[in-house]
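Our numbering numbers the first residue of the sequence shown as 48 and each following residue consecutively. By construction, the Cβ of each residue, glycine as well, lies at the ideal position given by its N, Cα and C atoms. As the structure is a prediction and not an experimental result, all values here were calculated from the model. So the structure is just underneath, and the comments pick up after that.
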Amino acid sequence: MSMYDYVIVGAGSAGCVLAARLSEDPAVRVALIEAGGPDTAQEIHIPAAFPQLFKSGLDWDLDTEPEPGLGGRRAYLPRGKVFGGCSSINAMIYIRGSRADYDGWAAAGARGWSYAEVLPYFKRAEDNERGEDDFHGVGGPLTVSEGRSEHPLASLFVQAAQQAGYQANDDFNGASQLGVGRYQLTQREGLRCSAAVAYLHPALVRPNLTVLSSVPARRVVIENGRATGVEVDRGGGVEVIRAEREVILSAGTYASPKLLMLSGIGPAADLAAFGIDVVRDLPVGQGLQDHYMAMLNFRTDAESLIGAATASNAALLESEGRGPLTSNIGEAGGFFRSRLELDAPDVQFHAAPVLFHQEGLGAATEHGFAFGPLVLAPTSRGSVTLRSPLPDAAPRITHNYLVTEEDQECIVAGVRIALEIAAQQAVTDVVTGPFEAPAPDSSDAGILDWARRIGQTLYHPTSTCAIGAVVDPELRVYDVAGLRVVDASVFPTVPRGNTNAPTIMAAEKAADLIKGAV
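Next comes the structure, spelled out in structure tokens:
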């Protein structure tokens with residue numbers, strides 16, 4: 048039996064941050080448990096190669112249950128099973144969300160999580176190549192840079208959106224999100240800067256940090272109302288990794304609630320149905336949220352990314368850190384309000400200089416490009432529940448995408464914005480025809496049906512162990528001593544934007560909470 052001060056489950060974005068920050072004190076013993084292995088695959092570090100990681104051994108390869116709002120279709124949910132977690136397989140877009148998100152959390156009872164209170168943690172994490180200002184930091188572990196691909200097809204989206212009357216925005220993380228432009232990325236010299244690269248790799252030399260890779264967690268050990276360790280599969284047997292101070296779950300929005308439920312923490316009736324002794328009756332797994340996206344794809348005779356994988360481009364990436372292989376696919380985008388009376392955007396766009404279809408799994412065999420909206424502030428709520436009491440069974444996941452009238456109206460409005468942009472000269476000059484897009488004269492019902500058939504997750508699940516429901520504002524599980532959850536599952540609502548930067552911010556803040564520094 049091994050004993051540590053802190054035992055962290057999950058070497059994803061949050062877990063890497065916590066392992067690095069907590070092990071800064073040489074007197075503290077930290078164990079980091081990861082079901083996957085090291086992030087050595089070449090496809091992780093070459094930005095344009097990330098779709099090749101889907102459904103590989105580095106992907107948990109989850110699916111939803113039949114989704115009622117999608118006509119019973121199951122949705123594919125990729126999640127990173129590797130050092131860095133989803134930050135090792137994502138599109139590297141650095142977006143924090145809106146001021147309104149965090150102020151809304153604080154107003155609803157998440158004390159300490161207002162925009163003014165979380166901004167210092169965003170800045171502490173960041174090393175932005177633009178330099179330091181009121182909104183950005185330098186010198187942090189996470190490199191934030193301009194995209195080095197600057198593909199012309201992504202630029203056409205920005206140009207067309209401006210032709211349609213939408214304003215340009217060169218910093219979606221500054222004073223306002225609204226407008227269109229190119230995304231900043233978590234890249235360093237043209238290569239992926241995951242949480243593993245930024246935080247974990249530099250910390251691996253510390254003798255007080257132990258990383259247990261390819262070691263699946265089974266449950267949290269709870270004795271007399273206190274978390275005392277984590278039961279794992281290791282070396283062909285079951286072992287307990289003991290925690291003298293705290294167990295910290297950073298396994299993600301799907302796996303953290305699953306581990307809590309396997310440990311007896313969750314809805315009592317659900318646990319009893321599986322014969323699991325109830326330790327605490329809490330709404331674990333409820334309130335699941337995500338961003339649902341519908342991408343319009345167009346054929347073009349212009350050069351797209353399908354020819355990027357050449358020896359010369361590989362040499363350019365290696366020698367100069369630039370070229371088409373640095374593309375993060377979703378190079379450009381923007382934030383929109385579907386209704387002028389809204390205080391914050393409710394639609395986000397991503398634009399890719401290549402066909403992106405079939406939930407990112409479709410082959411790009413001809414030149415094309417894609418752009419489209421997502422529902423940025425969804426009112427739909429889903430759940431994560433157990434499928435089986437066996438630890439290696441995937442959970443049941445139901446997102447309830449597009450089940451509310453508000454979300455349906457939002458995706459239709461977003462697609463109409465996309466059609467408006469597609470009608471501008473910058474796009475029409477290069478488009479040879481639709482690959483997968485609704486007709487411009489489609490009815491609202493027709494657009495909604497199309498979005499239901501072709502849409503997908505944008506990989507931003509949150510809120511299954513939310514502050515105020517499962518954990519307190521210091522991310523401690525209610526009524527269980529020595530147990531915290533630190534990952535996107537604690538977000539009261541999904542932020543308006545890509546969720547990797549907020550997850551890293553939350554872990555930075557959690558490290559201070561654990562240390563008693565705030």
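* To do: Pull up the distance between the alpha-carbon of residue 331 and that of residue 435, whole angstroms please.
  => As a first step, residue 331 must be located in the sequence shown, where it is residue number 284. As a first step, residue 435 must be located in the sequence shown, where it is residue number 388. One C-alpha to the other measures close to 16 Å.
* **First and last residue of the uninterrupted beta strand (DSSP E) at residue 179** => Numbered from 1 along the sequence shown, position 132 holds the residue referred to as residue 179. No beta strand (DSSP E) contains residue 179, which DSSP labels as neither H nor E.
* To do: Grab me the residues of residue 251's own chain with a C-beta within less than 8 Å of its C-beta, minus the 5 sequence neighbours each way, in chain order.
  => Start at 1 with the first residue of the sequence shown, and residue 251 comes out as number 204. The answer, listed in chain order, is 258.
* Cβ-Cβ distance between residue 202 and residue 95 below 9 Å -> Along the sequence shown, one-based indexing puts residue 202 at 155. Along the sequence shown, one-based indexing puts residue 95 at 48. Result no, Cβ atoms of residue 202 and residue 95 do not sit closer than 9 Å.
* Asked: So what does residue 423 bridge to, in DSSP terms?
  -> The residue given as residue 423 occupies position 376 in the sequence shown. For residue 423, which the question treats as bridged, DSSP gives no partner whatsoever.
* For the beta strand (DSSP E) that residue 395 lies in, which residues bound it at each end? -> Within the sequence shown, numbered from 1, the residue matching residue 395 stands at position 348. Its beta strand (DSSP E) spans residues 394-399.
* To do: Reducing DSSP to helix, strand and coil, say where residue 485 ends up.
  => One-based indexing of the sequence shown puts residue 485 at position 438. Of the three classes helix, strand and coil, the one that applies to residue 485 here is coil, per DSSP.
* Endpoints, the alpha helix (DSSP H) within which residue 550 is located -> The residue labelled residue 550 in the question sits at position 503 within the sequence shown. 547-562 is the span of the alpha helix (DSSP H), which, as asked, contains residue 550.
* Work out the CA separation of residue 426 and residue 507 for me, nearest whole Å. => Here residue 507 refers to the residue found at position 460 when the sequence shown is read from its first residue. Here residue 426 refers to the residue found at position 379 when the sequence shown is read from its first residue. Distance between the alpha carbons of residue 507 and residue 426: 15 Å.
* Who does residue 173 pair with in a DSSP beta bridge? -> What you label residue 173 is simply residue 126 of the sequence shown in a count that begins at 1. Residue 173 pairs with 189.
* Asked: Under 9 Å between the Cβ atoms of residue 414 and residue 350?
  -> Position 367 of the sequence shown holds residue 414. Position 303 of the sequence shown holds residue 350. It is a contact, given that the beta carbons lie within the stated cut-off.
* Coil, strand or helix - residue 52 by DSSP -> Taking the sequence shown and counting its residues from 1, one reaches residue 52 at position 5. In the structure shown, residue 52 sits in a strand (DSSP, three-state: E or B).
* Residue range of the unbroken alpha helix (DSSP H) whose run includes residue 316 -> Sequence index remark: in the sequence shown, residue 316 carries index 269 (1-based). It spans 315-320 - the alpha helix (DSSP H) in which residue 316 sits, taken as one unbroken run.
* Asked: In terms of residue numbering, what span does the alpha helix (DSSP H) encompassing residue 365 cover?
  -> Sequence index remark: in the sequence shown, residue 365 carries index 318 (1-based). Start and end: 358-367.
* DSSP three-state call for residue 340: helix, strand or coil? -> Position 293 of the sequence shown, counted from the start, is the residue given in the question as residue 340. Residue 340 falls in the strand class under three-state DSSP.
* Close beta carbons around residue 254, own chain, < 7 Å, minus the five adjacent residues each side -> Position 207 of the sequence shown, counted from the first residue, corresponds to residue 254. Same-chain partners within the cutoff: there are none.
* Between which two residues does the alpha helix (DSSP H) containing residue 461 stretch? -> Position 414 of the sequence shown, counted from the start, is the residue given in the question as residue 461. Per DSSP, residue 461 belongs to the alpha helix (DSSP H) from 452-469.
* To do: Take residue 326 and list the residues in its own chain whose beta-carbon comes closer than 6 Å to its own, dropping the five residues that flank it on each side.
  => What you label residue 326 is simply residue 279 of the sequence shown in a count that begins at 1. Excluding sequence neighbours, residue 326 sits near 269, 311, 312.
* Enumerate, from N- to C-terminal direction, the unbroken beta strand (DSSP E) stretches of 3 or more residues contained entirely within the stretch 50-109. => 77-80
* Asked: How long is the line joining the alpha carbons of residue 441 and residue 111, rounded to whole angstroms?
  -> Mapped onto the sequence shown, residue 441 falls at position 394. Mapped onto the sequence shown, residue 111 falls at position 64. So the two alpha carbons sit approximately 10 Å from each other.
* What residue does the alpha helix (DSSP H) around residue 204 start on, and which one ends it? -> To locate residue 204, count along the sequence shown from 1; it is residue 157. Per DSSP, residue 204 belongs to the alpha helix (DSSP H) from 199-210.
* Asked: Name the DSSP beta bridge partners of residue 323, please?
  -> As a first step, residue 323 is located in the sequence shown; it is residue number 276 there, counting from the start. Paired residue(s): none; residue 323 is not in a bridge.
* Asked: Bridge partners of residue 518, per DSSP?
  -> Position 471 of the sequence shown, counting from 1, holds the residue named residue 518. BP columns for residue 518 point to 514, 524.
* Under the assumption that residue 29 contacts residue 238 (Cβ atoms under 8 Å), give the Cβ distance between them as a whole number of angstroms. => This structure cannot speak to residue 29, because the chain is shown only from 48 to 565.
* **Continuous beta strand (DSSP E) stretch holding residue 303: start and end** => For this step, residue 303 is matched to residue 256 along the sequence shown. First-last for residue 303: 302-309, but that is the alpha helix (DSSP H), not the beta strand (DSSP E).
* To do: Please say whether residue 445 and residue 430 have beta carbons closer to each other than 9 Å?
  => Counted from its first residue, the sequence shown places residue 430 at position 383. Counted from its first residue, the sequence shown places residue 445 at position 398. Result yes, Cβ atoms of residue 430 and residue 445 sit closer than 9 Å.
* Look at the alpha carbon of residue 305 and the alpha carbon of residue 165, and state the distance between them as a whole number of angstroms. => Within the sequence shown, numbered from 1, the residue matching residue 305 stands at position 258. Within the sequence shown, numbered from 1, the residue matching residue 165 stands at position 118. Approximately 28 Å, taken between the alpha carbons.
* Asked: For residue 141, is the classification buried or exposed, using 16 other Cβ atoms within 10 angstroms of its Cβ as the cut-off for buried?
  -> Your numbering for residue 141 matches position 94 in the sequence shown. Under this definition residue 141 is a buried residue.
* To do: Check each candidate in 472, 321, 173 and name the one with the smallest Cα separation from residue 205.
  => In the sequence shown, the residue the question calls residue 205 occupies position 158. Checking every option, the nearest Cα to that of residue 205 belongs to 472.
* Asked: Do residue 582 and residue 200 have their C-beta atoms within less than 9 Å of each other?
  -> No statement about residue 582 is possible, as the shown extent of the chain runs from 48 to 565 and does not include it.
* Does the stretch 146-164 touch the stretch 114-128, meaning 3 or more C-beta pairs lie closer than 8 Å? -> no
* To do: Measure the alpha-carbon distance for residue 333 versus residue 319 and round it to whole angstroms.
  => Position 286 of the sequence shown, counted from the first residue, corresponds to residue 333. Position 272 of the sequence shown, counted from the first residue, corresponds to residue 319. In a straight line, the C-alpha of residue 333 is about 17 Å away from that of residue 319.
* **Inter-residue Cα distance where the pair is residue 132 and residue 546** => Position 85 of the sequence shown, counted from the start, is the residue given in the question as residue 132. Position 499 of the sequence shown, counted from the start, is the residue given in the question as residue 546. Distance between the alpha carbons of residue 132 and residue 546 is about 13 Å.
* Which listed residue (563, 233, 543, 511) has its alpha carbon closest to that of residue 162 -> Reading the sequence shown from its first residue, position 115 is the one you call residue 162. For residue 162, the nearest C-alpha among the options comes from 543.
* **C-alpha gap between residue 169 and residue 540, whole angstroms** => Taking the first residue of the sequence shown as 1, we reach residue 169 at position 122. Taking the first residue of the sequence shown as 1, we reach residue 540 at position 493. Their Cα atoms are separated by approximately 18 Å.
* Grab the span of the alpha helix (DSSP H) containing residue 224 for me, first residue to last. => Numbered from 1 along the sequence shown, position 177 holds the residue referred to as residue 224. First-last for residue 224: undefined, no H or E at that position.
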